[in-house]
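Visitor: Read top to bottom, the protein sequences are chains A and X. The first sequence runs 235 to 542 under the numbering used here. The second sequence runs 63 to 146 under the numbering used here.
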Amino acid sequence: MQQTDKQETDNRQPRWSSRSLGTRFGHNIFHALIHLGGRRLGYFALHWVVLYYVLCRPSIRRRSYDYLRHRFPNQSRLSRYVNCYRMFLEMGHVLVDRAILGIMGPENMEFTIHGRQELLDLVANGRGFIMLMSHVGCWQVAVSALNFLKIPVNLLLEQAEGNIDRHYFEYAGVTCPIRIIDPGSYLGGTLQMLDVLKKGEVVCMMGDRVFGSKKSCLQVDFLGENASFPYSAFKIASAAGAPIVVFFSYKTGYDSYALKVSKIIQVPEDLGRSGESFRPYVTQFVNELELYIRGYPYQFFNFYNMWQ
Amino acid sequence: MTLNEKLKTIIIEELNLEDIRAEDIEDDAPLFGEGLELDSLDAVELVVQVQKNFGVEIKDMKEGRLAFQSINALRHFIEERMAP
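(1) Could you tell me whether the Cβ of K432/A comes closer than 9 Å to any Cβ of chain X?
(2) If the cut-off is 9 Å on Cβ atoms, which residues from the segment 127-142 of chain X count as contacting chain A, listed in chain order?
(3) Return helix, strand or coil for N485/A, following the three-state DSSP convention.
(4) At what residue ranges does the segment 406-443 of chain A contain a whole run of the alpha helix (DSSP H), taking only runs of 4 or more?
(5) Does chain X have any CB closer than 9 Å to the CB of L476/A?
(6) Anything in chain A within Cβ reach of L77/X, meaning under 7 Å, just list it in chain order.
(7) Find the residues of chain X that neighbour S462/A, judging by a C-beta separation of less than 9 Å, and give them in chain order.
(8) Curious, which full-length alpha helix (DSSP H) runs of at least 4 residues does the segment 91-120 of chain X contain?
(9) Could you tell me the alpha carbon to alpha carbon distance between S462/A and A145/X, rounded to whole angstroms?
(10) Count Cβ pairs between the segment 70-87 of chain X and the segment 311-327 of chain A that sit closer than 8 Å; are there 3 or more?
(11) Along the segment 348-378 of chain A, where does the CB come closer than 9 Å to a CB of chain X? Name the residues.
(12) Residues of the segment 411-422 of chain A with a CB closer than 8 Å to any CB of chain X: list them in chain order, please.
(13) Starting from C451/A, follow the beta strand (DSSP E) in both directions and report where the run begins and ends.
(14) Mind listing, in chain order, the continuous alpha helix (DSSP H) runs of no fewer than 4 residues lying wholly within the segment 308-354 of chain A?
(15) Using a threshold of 9 Å, state whether the C-beta atoms of F534/A and S313/A are closer than that.
(16) Using a Cβ cut-off of 8 Å, pull out every chain X residue sitting near Q193/A, in sequence order please.
(17) State the Cα-Cα distance for the pair Q426/A and I120/X, rounded to the nearest angstrom.
(18) For T71/X and L93/X, I'd like the C-alpha separation in whole angstroms.
(19) Could you tell me whether the Cβ of S298/A comes closer than 9 Å to any Cβ of chain X?
(20) For T424/A, count the other beta carbons within 10 Å of its own beta carbon; 16 or more makes it buried, fewer makes it exposed. Which is it?
(21) What is the DSSP secondary structure of P477/A, reduced to helix, strand or coil?
(22) Could you compute how far the alpha carbon of H348/A sits from the alpha carbon of L493/A?
(23) Determine the closest residue to A333/A out of A266/A, I294/A, Y420/A and L302/A, with distance taken between C-alpha atoms.
(24) Near S508/A, which residues of its chain fall below 7 Å by C-beta distance, leaving aside the five closest residues on each side in sequence?
(25) List the residues of chain X whose Cβ lies closer than 7 Å to the Cβ of S450/A, in chain order.
(26) Can G371/A and E392/A be called in contact, C-beta distance under 9 Å?
(27) For chain A, is any of its Cβ atoms less than 9 Å away from the one on F94/X?
(28) Taking Cβ-Cβ distances shorter than 9 Å, what residues in chain X pair up with I565/A?
(29) Kindly indicate which residue of T346/A, V437/A and I499/A has the alpha-carbon position closest to the one of Y484/A.
(30) What does a CB cutoff of less than 7 Å around E67/X pick up in its chain, not counting 5 residues either side in sequence?
(31) In angstroms with no decimal places, state the Cα-to-Cα distance between A129/X and I414/A.
(32) Indicate whether at least one CB of chain X lies closer than 9 Å to the CB of S293/A.
(33) Should the segment 426-439 of chain A be regarded as contacting the segment 354-365 of chain A, the criterion being three or more beta carbon pairs within less than 8 Å?
(34) Looking at the structure shown, is P464/A part of a helix, part of a strand, or coil, going by DSSP?
(35) Under the DSSP definition of a beta bridge, which residues are partnered with K497/A?
(36) Provide the residue span of the alpha helix (DSSP H) that contains I74/X, from first to last.
Right, dumping it as structure tokens:
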């Protein structure tokens with residue numbers, strides 16, 4: 235079965251892209267449905283849309299196979315379809331929730347933050363920190379819930395051409411409450427990140443996506459096979475003397491999310507340029523991510539082959 | 063050793079550049095984007111090394127653009143800030 239999975243993923247995209255899976259028309263329909271019938275109608279329509287993608291759009295369906303093959307190595311052909319359906323459905327829930335957050339406001343969402351005091355303690359130290367997240371749960375919910383820190387929050391975010399997903403603040407029609415750092419800007423935005431960390435601010439970034447050069451990646455065991463993970467965040471943390479907070483969100487109910495400080499990683503200063511120096515810290519992050527995925531397998535939204 | 067030579071040695075040793083000698087690095091050649099093929103994390107390390115070796119801080123992107131144009135530009139940047 236694994237062999238079949240592997241063959242079916244041959245047509246996959248070689249690299250991750252932030253291009254949306256859906257169409258602008260589809261997004262607009264969901265936007266209208268949420269306006270008309272709220273979350274309930276959005277979720278209802280989602281079942282049919284997801285079914286269509288799973289059964290009738292094999293090119294889209296295949297994008298989930300690399301991850302599902304690693305997470306469920308013994309899955310049958312039928313269970314692969316079911317897993318794909320569940321993964322797409324969770325992804326859809328997150329997209330609907332993100333729209334609801336913007337259209338109907340955060341009062342329509344229940345957040346529980348685990349590790350709030352640890353975050354406040356870091357802020358009280360006066361040093362900036364990196365919140366290292368992943369494409370799990372709804373990271374936008376996580377970022378939107380950081381107001382209580384009362385310090386500026388920056389987000390490293392690539393917006394590829396063709397990405398039509400709207401962020402919650404765009405739905406709300408308000409100014410972006412967070413500052414965006416573009417990884418496509420001068421030197422990948424690294425100097426900007428160093429600057430804001432030294433000022434005691436927060437930088438949010440994804441620990442499971444490779445931007446730019448593969449030179450800044452390490453191969454780390456993830457779900458039984460080596461996968462590429464960037465060590466950029468750890469290098470920047472080391473240079474700025476800033477801790478790394480591994481921060482994940484997960485959907486816990488119909489209208490509720492939990493946000494959790496999974497681990498705080500202290501990266502020593504003066505580790506140099508070699509990627510190998512950062513391996514123990516990257517591995518800590520990957521282990522936390524794997525732990526999350528063991529508990530919430532359908533909330534890891536991975537649609538490219540990171541094991542390639 | 064001149065400041066330019068010292069900077070080249072730091073770049074080669076601290077950024078682990080293999081098969082490159084100090085005399086291969088031109089004083090006016092861009093440090094990033096071509097030639098040495100340095101990347102954004104090399105820039106982070108260079109910021110650290112400039113502070114460690116010369117006590118000079120490259121504070122933001124604006125200063126980085128100025129300092130990282132070439133070896134000569136970096137030398138000027140350091141000399142200006144080290145001047146009493």
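Ideal placement from N, C-alpha and C gives every residue a C-beta, glycine not left out. Small disclaimer: the values here were computed from a predicted structure and weren't measured.
Guide: So, to answer that:
(1) yes
(2) R127 and F130
(3) Before going further, note that residue 485/A is Lys rather than Asn in the sequence given. In this structure, K485/A counts as strand in the three-state DSSP scheme.
(4) 424-432
(5) The question names Leu, but residue 476/A in the sequence shown is Ala. Chain X, which has no Cβ nearer than 9 Å to the Cβ of A476/A, makes this no.
(6) R507
(7) Those do not exist, as S462/A stays about 15 Å from chain X at its closest Cβ, beyond 9 Å.
(8) 102-116
(9) 45 Å
(10) no
(11) none
(12) S419, Y420, L421 and G422
(13) C451 to F456
(14) 311-337
(15) no
(16) Residue numbering for chain A in the displayed model covers 235 to 542; residue 193/A lies beyond these limits and cannot be assessed.
(17) 11 Å
(18) 14 Å
(19) no
(20) buried
(21) coil
(22) 6 Å
(23) A266/A
(24) none
(25) D101 and L103
(26) no
(27) yes
(28) This structure gives no information on residue 565/A, because the portion of chain A shown stretches from 235 to 542.
(29) T346/A
(30) A84
(31) 24 Å
(32) no
(33) yes
(34) strand
(35) V480/A
(36) L65 to E76
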